[in-house]
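Under our numbering, the letters of the first sequence match residues 1 to 426, in that order. Glycine included, every Cβ here is placed at the ideal spot set by N, Cα and C. Keep in mind that this is a model prediction, so the values were computed, not measured.
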Amino acid sequence: MRYSQLFGKTTKDAPHDADSANASLLTQGGFINQVTAGVYTYLPLGLRVLTKIKAIVREEMNKLGAQEVLMPALHPKQLYDVTDRWEKIDVMFKLEGAGGREYGLSSTAEEVITPLVKAYAHSYRDFPVALYQIQDKFRNEPRAKSGLLRGREFSMKDLYSFHLTEEDFLEFYEKAKAAYLAVYRRCGLDAIVAAASGGVFTEKHSHEFQVPTPAGEDKIYIDRKTGEVMNKEIVPETDLENEKKYEIVKSIEVGNIFPLECRFSKAFDLKTQGQDGEMVDIIMGCYGIGPSRVMGSIVEVHHDEKGIIWPKSVAPYQVHLVTLSSKDATVNGQIEEAATSLVDELEDAGVEVLWDDRDGVSAGEKFADADLIGIPLRLVVSAKSLAEGSVEWKERHEQDARLVKLEDVAEQVHEWLEAPERLTSH
RNA sequence: CGGGCCGUAGCGCAGCUUGGUAGCGCGCCUCGUUCGGGACGAGGAGGCCGCGGGUUCAAAUCCCGCCGGCCCGACCA
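Below, the structure is given as structure tokens:
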């Protein structure tokens, strides 16, 4: 992709009202554009990142044995009458349709998935089953804030599992927990599991996935003796300020998983006859990750004073090629030629390249933009590098560049892509 | 939903106190000079001063109402 053709440019100045690092850097870098409070358009660069995060989530969900579906975002009120949640979900956007029919915009989907499973699963042979979707969710937050971290419309992967027995549920729950940790690890986030209140559904604990960072709005409590990690809901009130007992760490919640027990299966009468002829209520769990929030979190954790530092796995492009033009037309032609064949070679091999081919833009400006956009590997082709038959190689997290012979670049890029991530957290 | 700050060119801001022909920086267009860490000169385009009402000879400026954005708090199955 030629940067000169890319829709969405960088800007030197941060938006005046951006509060968080993710809001300002993603806006300045040309990844997202705010439409209204808590609502964003993803520009080509930002959409690539979001798509990669979703792909990682999909892979891990599929590995878990879950199947992807897509449910509507427009939910009829009647479904919520069944569970008595129409008034209880206070963040639900509610609207009126033709003939005075009432609808809510999806903030979660138990009310749709439970009847769906009931429609297709009629025998114990149809269980267990796990279904997920990746969809925009809507929550009428009283206060949207912090860029992608708390929006009113945001991307969410919601998974629901259905089991005949508690044991089977628990086994799946633990596997889901591991899958979640794998998602975060692959996205460059060190998430830890915190126990949380089960809310209104269960006596059991639910679990949150928390990424410790000073930018976090949440707090987790780590018991200094047992190492147990908790969110503040389940820490005794008297212990909330007790720094002797708990290490208190700021963090961002990037996902949560809930045992739902039979709350929804009972409401929708989802049950089946077991092998022994007994009717059993289906045991459910739900599991959520917000890819857009993950994207914001990655920026919070991986940036420096110059811009974003994307992990290879989610970077919008893997390689940022910069060409620096020369006053000598012949040399210029050579630079163009070398760059073109390098891009072709890399792209043919499946490497994603953003080529800053802009004319009349100074080297400093191109470098500043590359740092801001944060693609993990920068290659420079210039008169200087060509004199050595080389390109200049600099990883985003490094200070200094080194020269790599043109003919070796593609191979070294492959080795680099295979190598484990070396990220410095902010 | 309570409290506060803010809406002026694409972006960042000044002007408002004390009403009188709308400015600066960045960005953008043209020409020339530059050409490895956000270059320089010259010329130029671009405004319903958030919206509506009021006061006044005259409103970006004063008054009232509304809309929007952000911050603190509450909230966050």
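Checklist line | Residue span of the alpha helix (DSSP H) that contains Lys204, given as start and end | finding: Reading the first sequence from its first residue, position 204 is the one you call residue 204. Looking at the DSSP string, Lys204 is not in any alpha helix (DSSP H), and its letter there is neither H nor E.
Check: Using the C-alpha atoms, what's the distance from Asn332 back to Ser325?
Finding: Mapped onto the first sequence, residue 325 falls at position 325. Mapped onto the first sequence, residue 332 falls at position 332. Those two C-alpha atoms are separated by around 6 Å.
Notebook entry, point to check: Cβ of Leu25 within 7 Å of Cβ of His303?
Noted result: The residue given as residue 25 occupies position 25 in the first sequence. The residue given as residue 303 occupies position 303 in the first sequence. In this structure, His303 lies closer than 7 Å to Leu25 by Cβ.
Item checked: Ranges of the beta strand (DSSP E) found wholly within the region 178-242, counting only runs of at least 3 -> 192-196, 206-212, 218-223 and 229-231
Next item on the list: Check whether the Cβ atoms of Glu354 and Met1 lie closer than 7 Å to each other.
Entry: If you number the first sequence from 1, residue 354 lands on position 354. If you number the first sequence from 1, residue 1 lands on position 1. Checking the sequence, you will find Leu at residue 354 rather than Glu. Yes; because the gap between Cβ atoms is below 7 Å, this pair is in contact.
Next item on the list: Using 10 angstroms around the beta-carbon of Leu95, count the other beta-carbons present and answer buried if the total reaches 16, otherwise exposed.
Entry: Numbered from its first residue, the first sequence carries residue 95 at position 95. Under this definition Leu95 is an exposed residue.
Next item on the list: Find out if the Cβ-Cβ distance for the pair Trp310, Gly216 is shorter than 7 Å.
Entry: For the purposes of this step, residue 310 is identified with residue 310 of the first sequence, where counting begins at 1. For the purposes of this step, residue 216 is identified with residue 216 of the first sequence, where counting begins at 1. Taking 7 Å as the Cβ cut-off, Trp310 and Gly216 do not qualify as a contacting pair.
Notebook entry, point to check: Using 8 Å as the Cβ pair cut-off and three pairs as the minimum, do the region 340-357 and the region 59-70 touch?
Noted result: no
Margin query: My output table needs one value for Asp357: the three-state DSSP class, helix, strand or coil.
Written below: For the purposes of this step, residue 357 is taken as the residue at position 357 of the first sequence. DSSP places Asp357 in coil when its eight states are reduced to three.
Checklist line | Cross-strand partners of Glu261 (DSSP beta bridge) | finding: Locating residue 261 in the first sequence gives position 261, where the first residue counts as 1. Looking at the DSSP assignment, Glu261 forms a beta bridge with Met284.
Notebook entry, point to check: What number of angstroms, rounded off, separates the C-alpha of Lys77 from the C-alpha of Glu68?
Noted result: Counted from its first residue, the first sequence places residue 77 at position 77. Counted from its first residue, the first sequence places residue 68 at position 68. Their backbone Cα atoms lie some 24 Å apart in a straight line.
Margin query: Determine whether the beta carbon atoms of Ile289 and Val57 lie at a separation below 7 Å.
Written below: Counting from 1 along the first sequence, the entry for residue 289 is found at position 289. Counting from 1 along the first sequence, the entry for residue 57 is found at position 57. Yes, they are a contact pair.
Notebook entry, point to check: Does the region 41-55 come close enough to the region 165-180 to have 3 or more Cβ pairs within less than 8 Å?
Noted result: no
Check: CB-CB under 6 Å to Lys306, same chain, minus the five flanking residues each way: which ones, in chain order?
Finding: Your numbering for residue 306 matches position 306 in the first sequence. If we look at Lys306 and ignore the five residues flanking it on each side, its Cβ neighbours are Asp371.
Note to self: Please classify Gln133 as buried or exposed, where buried requires at least 16 neighbouring CB atoms within 10 angstroms.
What the structure shows: Locating residue 133 in the first sequence gives position 133, counting from the first residue. By the neighbour-count rule (16 or more Cβ atoms within 10 Å), Gln133 is buried.
Checklist line | Status (buried if at least 16 other CB within 10 Å, exposed otherwise) for Gln275 | finding: Your numbering for residue 275 matches position 275 in the first sequence. Gln275 should be labelled exposed.
Note to self: For Ser313, which residues in the same chain have their Cβ closer than 6 Å to its Cβ, ignoring the five residues on either side in sequence?
What the structure shows: The sequence position of residue 313 within the first sequence is 313, counting from 1. So the qualifying residues of the chain are Arg186.
Check: Cα separation between Pro259 and Ala194?
Finding: Working through the first sequence from its first residue, we reach residue 259 at position 259. Working through the first sequence from its first residue, we reach residue 194 at position 194. So the alpha carbons of these two residues sit roughly 14 Å apart.
Check: Does DSSP put Thr10 in a helix, a strand or coil?
Finding: Position 10 of the first sequence holds residue 10. Looking at Thr10 - three-state DSSP - the assignment turns out to be coil, as it is neither helix nor strand.
Margin query: If you follow the alpha helix (DSSP H) that Pro44 is in, where does it begin and where does it stop?
Written below: Reading the first sequence from its first residue, position 44 is the one you call residue 44. Pro44 to Leu64 is the span of the alpha helix (DSSP H), which, as asked, contains Pro44.
Notebook entry, point to check: Which runs of the beta strand (DSSP E) spanning at least 3 residues fall entirely within the region 112-175, listed in chain order?
Noted result: 129-138 and 153-163
Checklist line | Rounded C-alpha distance that separates Gly227 from Tyr246 | finding: The sequence position of residue 227 within the first sequence is 227, counting from 1. The sequence position of residue 246 within the first sequence is 246, counting from 1. Distance between the alpha carbons of Gly227 and Tyr246: 9 Å.
Notebook entry, point to check: Which residue from Ala23, Glu237 and Leu386 puts its Cα closest to that of Ser297?
Noted result: Against the first sequence, residue 297 aligns to sequence position 297. Here the closest residue by C-alpha is Ala23.
Check: From Gly151 to Phe367, what distance separates their C-alpha atoms?
Finding: Working through the first sequence from its first residue, we reach residue 151 at position 151. Working through the first sequence from its first residue, we reach residue 367 at position 367. About 32 Å.
Checklist line | Inter-residue Cα distance where the pair is Glu486 and Leu131 | finding: The chain is shown only over 1 to 426; residue 486 falls outside these bounds and no answer can be derived.
Notebook entry, point to check: In whole angstroms, what separates the C-alpha of Gln273 from that of Tyr160?
Noted result: For the purposes of this step, residue 273 is taken as residue 273 along the first sequence, with counting starting at 1. For the purposes of this step, residue 160 is taken as residue 160 along the first sequence, with counting starting at 1. For Gln273 and Tyr160, the distance between alpha carbons rounds to 21 Å.
Next item on the list: Look at the alpha carbon of Ala315 and the alpha carbon of Ala98, and state the distance between them as a whole number of angstroms.
Entry: For the purposes of this step, residue 315 is identified with residue 315 of the first sequence, where counting begins at 1. For the purposes of this step, residue 98 is identified with residue 98 of the first sequence, where counting begins at 1. For Ala315 and Ala98, the distance between alpha carbons rounds to 44 Å.
Margin query: Among Gln318, Val322, Ala338 and Asp400, whose alpha-carbon lies nearest the alpha-carbon of Glu415?
Written below: To locate residue 415, count along the first sequence from 1; it is residue 415. When only C-alpha atoms are compared, the closest one is Gln318.
Next item on the list: Within its chain, find whatever has a CB closer than 7 Å to the CB of Val39; leave out the 5 residues flanking it on each side and keep chain order.
Entry: Taking the first residue of the first sequence as 1, we reach residue 39 at position 39. Once the five neighbours on either side are set aside, the close Cβ partners of Val39 are Gly151, Arg152 and Glu153.
Item checked: Same chain, Cβ closer than 7 Å to Pro44, five either side skipped, listed in chain order -> Numbered from its first residue, the first sequence carries residue 44 at position 44. The residues are Leu6, Phe7 and Gly8.
Notebook entry, point to check: Hey, would you say Ala109 sits closer than 7 Å to Tyr287, going by beta carbons?
Noted result: Within the first sequence, numbered from 1, the residue matching residue 109 stands at position 109. Within the first sequence, numbered from 1, the residue matching residue 287 stands at position 287. In this structure, Tyr287 does not lie closer than 7 Å to Ala109 by Cβ.
Check: Which value, in whole angstroms, describes the spacing of the CA atoms of Thr27 and Gly360?
Finding: Working through the first sequence from its first residue, we reach residue 27 at position 27. Working through the first sequence from its first residue, we reach residue 360 at position 360. The alpha-carbon atoms of Thr27 and Gly360 are separated by roughly 24 Å.
Item checked: At least three beta-carbon pairs within less than 8 Å, the region 189-209 to the region 248-257 -> yes
Notebook entry, point to check: At which residue ranges does the region 336-397 contain complete alpha helix (DSSP H) runs of 4 or more residues, listed in the order of the chain?
Noted result: 363-373 and 383-387
Margin query: If the criterion is Cβ atoms closer than 7 Å, does the pair Glu60 and Val183 meet it?
Written below: Within the first sequence, numbered from 1, the residue matching residue 60 stands at position 60. Within the first sequence, numbered from 1, the residue matching residue 183 stands at position 183. Yes; because the gap between Cβ atoms is below 7 Å, this pair is in contact.
Checklist line | Status (buried if at least 16 other CB within 10 Å, exposed otherwise) for Met295 | finding: Against the first sequence, residue 295 aligns to sequence position 295. When all chains shown are included, Met295 counts as buried.
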